[in-house]
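For the record, the sequence lines run as chains A and B. For the first sequence, position 224 (counting from the first letter as 1) is numbered 224 according to the working numbering, and the numbering increases by one without interruption. For the second sequence, position 71 (counting from the first letter as 1) is numbered 1071 according to the working numbering, and the numbering increases by one without interruption. Please read the structure below before turning to the comments.
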Amino acid sequence: MNPSIAQTLGLINLFLVIYVLIDSFEKISIYKEYLAGGLLSWSLLRKNSFFTSRSESFRNFTDIIFPARPWMFLMALRIFCCVGLLVSPPDSPLLGFSYAVLFIIGALMNLRNLAYGAETENRFSLIIIGALLLRSLLPTDVVTLAALWFIALQVCLSYLTAGVSKLKNLSWRKGNGFQDVATSYELVPVKKINDFFEEHKGLSLLINWLVIVFECAFPVVLFASPVVLWNFLVAGIILHTAIAFGFRLGKFFWIWVATYPALIFIAQR
Amino acid sequence: MSIWEIIIVLTLAIWLTANICYSFLNKRMAHYTYRADIFRLLSAFQLFSRKVESFHLSYRDMLADQAVTQWERVPLNQQWKSYHAIWFPARTVDTCVISIMDDLVHIVKKDQSGFGRKKIKERFIYHALSHFLERYPQSESCLGRQFRIQDKENNEVFISDFYKE
């Protein structure tokens, strides 16, 4: 099955929208944390030396957009843009406008959250939104193909980086990395799962190396046969589903799987 | 190819190349990108590669008569629910607190001389953690609050002075 460009872009868009909607609603649901006294309140975050050492005009700008009320408005605007992405016809100006707004707000989210570290899922989403934004500005075949290659290469890079980092880590190299993670109650707060992997060391060792091999070898999907491609994609979906349920990092699933249609399109050309 | 197509393709190529460099030269580049890449467009996705270390946060209060209360542990891990795989807003705050503790412990371990202690008190993360703990009830006559961070084996990694926000 060779997906068309429209199908590919449609699927990427769908997963991206699901991610942004979940993320926006989650942030709105904890709006109290953005009010004075909250851990995400601007009155607290603005005291970070990164902001206090900036120019007055920069601080004035952040003081306008980062307090709770304008920030919640921007979260609502993200939701509005998602609706725009779902209903607007292909190559409509609304598409470009929505991507531009999502990109700007996503970038501002990283800036606002600097003190605690930008959220991984948001950082990755900016790669996809940025590519689709540039593609929407000039939706020619060349730019579309470049945008899809960009997304496909970025996801391969993300897995490869994760795999190489694990190989650099002694614990993962010794085969204990996965077990350390799976038996940590702080990461996986289910005692049964902690105990299970504590008792089944052989299985933990196998998963440890399967994860490393999967991540390091992932870039081969760009050049391998369709069978290999689909095996990797199914393995990726299983991995992200396990991460979503085990580590409660569900947003990782939507944003990483959003890149898979680009991989399928590029690999099957 | 038109000029605009070339510009867009070049933009994507530069972004990808920068990200490849950042992914594999992360430690060297982070020093420069911390202040330059304010929107964090460059990322090294090292998913679960770091050594797993878990810390516990607890606090106690000094009362008007100089007596101190028992240490109260801050719960940072909510009970697992299946829907958390899709919807888990509380993770945002928990992740921030865990990130602050990681950073604080990293600084403490880096500076064993004791001279940095004063500097730690001036850091944003120290202030943010104190601010976070204000949400837990304290008596009106409380003179100050103190927090400590312990590792998995309950060894004390950091203990603050008593402070009043």
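For glycine and all other residues, C-beta sits at the position ideal for the given N, C-alpha and C.
Residue i, DSSP secondary structure in three states
i	result
His1056 (chain B)	strand
Arg1073 (chain B)	strand
Met72 (chain A)	helix
Glu1156 (chain B)	strand
Tyr1163 (chain B)	strand
Gln1078 (chain B)	coil
Gly1144 (chain B)	strand
Gln268 (chain A)	coil
Val1068 (chain B)	strand
Ile1149 (chain B)	strand
Met1001 (chain B)	coil
Asp946 (chain B)	This structure leaves residue 946 (chain B) out entirely; chain B is present only between 1001 and 1165.
Asn1026 (chain B)	helix
Leu21 (chain A)	helix
Gln7 (chain A)	helix
Ala1128 (chain B)	helix
His1031 (chain B)	helix
Gly175 (chain A)	coil
Val234 (chain A)	helix
Tyr116 (chain A)	coil
Val52 (chain A)	Reading off the sequence shown, one finds Thr at residue 52 (chain A), where the question assumed Val. Of the three classes helix, strand and coil, the one that applies to Thr52 (chain A) here is helix, per DSSP.
Within-8 Å CB hit, residue i to chain B
i	result
Ile30 (chain A)	yes
Lys174 (chain A)	no
Thr120 (chain A)	yes
Glu186 (chain A)	yes
Arg248 (chain A)	yes
Leu74 (chain A)	no
Phe80 (chain A)	no
Pro189 (chain A)	yes
Arg69 (chain A)	no
Cutoff 8 Å: residue i Cβ touching any chain A Cβ
i	result
Pro1089 (chain B)	yes
Ser1023 (chain B)	yes
His1031 (chain B)	no
Arg1028 (chain B)	no
Arg1145 (chain B)	no
Lys1051 (chain B)	yes
Met1062 (chain B)	no
Ala1044 (chain B)	yes
His1106 (chain B)	no
Arg1040 (chain B)	yes
Met1001 (chain B)	yes
Ser1099 (chain B)	yes
Thr1017 (chain B)	no
Phe1158 (chain B)	no
Ile1008 (chain B)	yes
C-alpha distance - residue i paired with residue j, whole-angstrom precision
i	j	result
Lys1119 (chain B)	Phe1132 (chain B)	20 Å
Tyr159 (chain A)	Glu1053 (chain B)	23 Å
Ala162 (chain A)	Ser1141 (chain B)	51 Å
Leu86 (chain A)	Tyr1136 (chain B)	43 Å
Asn1155 (chain B)	Gln1066 (chain B)	25 Å
Ile1007 (chain B)	Ser55 (chain A)	31 Å
Lys1090 (chain B)	Cys1096 (chain B)	The amino acid at residue 1090 (chain B) is misidentified as Lys; the sequence shows Ala. Computed Cα separation, rounded: 10 Å.
Phe218 (chain A)	Ala152 (chain A)	11 Å
Ala68 (chain A)	Ile28 (chain A)	10 Å
Ile128 (chain A)	Gly37 (chain A)	34 Å
Trp1071 (chain B)	Arg1148 (chain B)	9 Å
Leu157 (chain A)	Trp149 (chain A)	12 Å
Ser92 (chain A)	Phe15 (chain A)	19 Å
Val17 (chain A)	Leu11 (chain A)	10 Å
Arg248 (chain A)	Glu26 (chain A)	14 Å
Gly121 (chain A)	Ile104 (chain A)	For the record, residue 121 (chain A) in the displayed sequence is Glu; it is not Gly. Going from the Cα of Glu121 (chain A) to the Cα of Ile104 (chain A) covers about 15 Å.
Arg1033 (chain B)	Trp1004 (chain B)	Per the sequence presented here, residue 1033 (chain B) reads as Thr, with Arg not at that position. Thr1033 (chain B) and Trp1004 (chain B): Cα-Cα distance of roughly 28 Å.
Asn2 (chain A)	Pro89 (chain A)	22 Å
Lys1110 (chain B)	His1127 (chain B)	19 Å
Supposed contact pair residue j and residue i - C-beta distance, whole angstroms, cut 8 Å
i	j	result
Phe1055 (chain B)	Gln1150 (chain B)	7 Å
Phe1158 (chain B)	Val1074 (chain B)	In fact, because the Cβ distance is near 14 Å, the residues do not count as touching under 8 Å.
Val211 (chain A)	Phe178 (chain A)	6 Å
Gly175 (chain A)	Leu205 (chain A)	4 Å
Lys142 (chain A)	Leu263 (chain A)	Checking the sequence, you will find Val at residue 142 (chain A) rather than Lys. Not confirmed; about 19 Å, so no contact.
Ser136 (chain A)	Gly96 (chain A)	4 Å
Leu1076 (chain B)	Ile1107 (chain B)	With a Cβ gap of about 19 Å, Leu1076 (chain B) and Ile1107 (chain B) do not count as contacting.
Phe51 (chain A)	Arg59 (chain A)	6 Å
Below-8 Å beta-carbon distance, residue i vs any chain E residue
i	result
Glu1134 (chain B)	Judged by its chain identifiers, the structure shown contains no chain E, and its protein chains are A and B.
- Sufficient close CB pairs (3 or more, under 8 Å) joining the segment 1048-1056 of chain B to the segment 178-188 of chain A: Yes: at least three Cβ pairs fall under 8 Å.
- Query: Is the segment 253-268 of chain A touching the segment 235-245 of chain A, taking contact as three or more C-beta pairs under 8 Å?
  - Reply: Taking 8 Å as the limit for Cβ pairs, the verdict is that the segment 235-245 of chain A does touch the segment 253-268 of chain A.
- Query: Would you call the segment 74-86 of chain A and the segment 14-29 of chain A touching, i.e. three or more CB-CB distances under 8 Å?
  - Reply: Put simply, the segment 74-86 of chain A touches the segment 14-29 of chain A. At least three CB pairs are less than 8 Å apart.
- Message: With three or more C-beta pairs closer than 8 Å as the rule, is the segment 40-60 of chain A touching the segment 106-118 of chain A?
- Response: yes
- Message: Taking 8 Å as the cut-off, does the segment 30-41 of chain A touch the segment 2-9 of chain A (at least 3 CB pairs, one atom from each stretch)?
- Response: no
- Task: Taking 8 Å as the threshold, find out whether the segment 1037-1045 of chain B comes into contact with the segment 1009-1029 of chain B through three or more Cβ pairs.
- Result: yes
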